[in-house]
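Enquirer: One structure coming up, written as structure tokens, with questions to follow.
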Amino acid sequence: MGPTASGKSALALELALRLHGEIVSVDSAQVYRGMDIGTAKPDAATRVRVPHHLIDIVDPSEVYSAARFAQDAANAIAEVRARKHVPIVVGGTMLYFKALTEGLSQLPQASPSIRAALDARALRNGWPALHAELAAVDPQTAARLAPTDSQRIQRALEVYELTGRPLSELQGHRAAVEIGATLSFALVPENRAALHATIAQRFDAMLAAGLVEELAFLRSRYSLHRHLPSMRSVGYRQAWAYLEDEIDRNTLRAQGVAATRQLAKRQFTWLQSVSAMRVPPDLNQAIETIVAHVKRLRG
22 MGPTASGKSA LALELALRLH GEIVSVDSAQ VYRGMDIGTA KPDAATRVRV
72 PHHLIDIVDP SEVYSAARFA QDAANAIAEV RARKHVPIVV GGTMLYFKAL
122 TEGLSQLPQA SPSIRAALDA RALRNGWPAL HAELAAVDPQ TAARLAPTDS
172 QRIQRALEVY ELTGRPLSEL QGHRAAVEIG ATLSFALVPE NRAALHATIA
222 QRFDAMLAAG LVEELAFLRS RYSLHRHLPS MRSVGYRQAW AYLEDEIDRN
272 TLRAQGVAAT RQLAKRQFTW LQSVSAMRVP PDLNQAIETI VAHVKRLRG
């Protein structure tokens, strides 16, 4: 596991080649068909070299949940092991890792109408105003969220409107799916400035490769709206605003880079709370560290 643009995919690919492994993707955007450029999805040649699972499994017009991921991932892991291969579970969607290893709370499904209403209120009043509303009904959840954390503020208010109960009260965990023995590693870059530079370079490359054009094609092929989980993904959310003439190209680029950096910051925060061995940022050192632990586990 690790933050966006930290080199997880390259590390996973080399590990798979060394360990006779197959990759199980932990990415909430790569599950969607056609969302290739903005998700840094592995290309066809890479997927021929090493089998990848949980990529291109649903249309972007569908809603794919963390609970569904946990079951799909558990099934994929079991199938890889049945082939006597090593499942390498890799990605940056931290909620999905949590769902797979710890289980999730029993919470209501998303309501597009409530989310649209909350978005409209946020557009009028700003997310800090909705954060204040949340603090009045669920102070425990509000205390751990930044006033600008739109996605989580929206979800907490949505849960309250659907159930009449605060999110913090409903977050009892259910049992995790069974995935057997695991080794957990975190690729955590030490140089944040270098990571930020990589993020900017990668987003520029995505724009040059046709991120906006990719989204325009998806909008013509599928029945999409901006409140779908797929369209709330970093990059696609900003490209949608651009196609709606709400922002210009320079603003698209600036907002996309900023949103990716914010995503990385949230991932860093989450990684501080998990029990996982830190691996060196150098690719070769990271490979040797992980391979040594795998061999030790195998005895």
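The sequence shown begins at 22 in my numbering and counts up by one.
C-beta atoms are modelled at their ideal positions from N, C-alpha and C, and glycine is treated no differently.
These numbers come from a predicted model, not from an experiment.
Can you pull the DSSP bridge partners for Gly112?
Expert: In DSSP, Gly112 forms a bridge with Val47.
Enquirer: Would the beta-carbon of Val81 fall within 7 Å of that of Leu183?
Expert: Per the sequence shown, the amino acid found at residue 81 is Pro instead of Val. Result no, Cβ atoms of Pro81 and Leu183 do not sit closer than 7 Å.
Enquirer: If you run the structure through DSSP and keep just helix, strand and coil, what is Leu239?
Expert: Leu239: helix per DSSP, three-state reduction.
Enquirer: For the segment 273–290 against the segment 305–319, are there 3 or more C-beta pairs whose distance is under 8 Å?
Expert: Counting Cβ pairs under 8 Å, fewer than three are found: no touch.
Enquirer: Let me confirm a value: Arg242 is counted as buried when at least 16 other C-beta atoms fall within 10 Å, else exposed. Which label applies?
Expert: Arg242 is exposed by the Cβ-count criterion.
Enquirer: Pick from Asp77, Pro149, Val180, Glu179: whose alpha carbon is nearest that of Leu166?
Expert: Closest option to Leu166, Cα to Cα, is Pro149.
Enquirer: Short of 7 Å in beta carbon distance, which residues of its chain neighbour His152, apart from the five on each side in sequence? Order them along the chain.
Expert: For His152, where only same-chain residues beyond five positions count, the Cβ hits under 7 Å are Ala163, Leu166, Pro168, Ile174.
Enquirer: Rounded to a whole number of angstroms, what is the C-alpha to C-alpha distance between Val71 and Thr60?
Expert: Roughly 18 Å between the two C-alpha positions.
Enquirer: Per DSSP, Gly42 forms a beta bridge with which residues?
Expert: Answer is Val107, bridged to Gly42.
Enquirer: Could you have a look at Ala207 and say whether DSSP puts it in helix, strand or coil?
Expert: Three-state DSSP puts Ala207 in a strand.
Enquirer: Just to confirm the assignment, what range does the alpha helix (DSSP H) spanning Val180 have?
Expert: Unbroken alpha helix (DSSP H) run through Val180: 171–184.
Enquirer: How would you write the range of the alpha helix (DSSP H) that Met298 sits in, first residue to last?
Expert: Where Met298 is concerned, there is no enclosing alpha helix (DSSP H), although the beta strand (DSSP E) it sits in stretches over 298–300.
Enquirer: Can you tell me which residues form a DSSP beta bridge with His74?
Expert: Beta-bridge pairing links His74 to Val45.
Enquirer: Where does Ser126 fall in DSSP's three states?
Expert: Strand, per DSSP.
Enquirer: Give me whichever residues DSSP pairs with Val79 in a beta bridge.
Expert: Partner(s): Tyr53.
Enquirer: Rounded to the nearest angstrom, how far is the Cβ of Val107 from that of Leu40, given a contact under 8 Å?
Expert: The Cβ separation is near 4 Å, so the contact holds.
Enquirer: With a cut-off of 8 Å on the beta carbons, I'd call Pro24 and Gly113 a contact; round off their distance for me.
Expert: Correct: roughly 6 Å between the Cβ atoms.
Enquirer: From Leu269 to Lys105, what distance separates their C-alpha atoms?
Expert: One detail in the question is off: residue 269 reads as Asp in this sequence, not Leu. Taking the straight line joining both Cα atoms gives about 51 Å.
Enquirer: Go ahead and label Ala207 buried or exposed: buried means 16 or more other beta carbons lie within 10 angstroms of its beta carbon, across all protein chains shown.
Expert: Per the 10 Å Cβ criterion, buried.
Enquirer: Decide if Met347 is buried, meaning its Cβ has at least 16 other Cβ atoms within 10 Å, or exposed.
Expert: For the chain, the structure presents residues 22 to 320; residue 347 sits outside this window and is missing.
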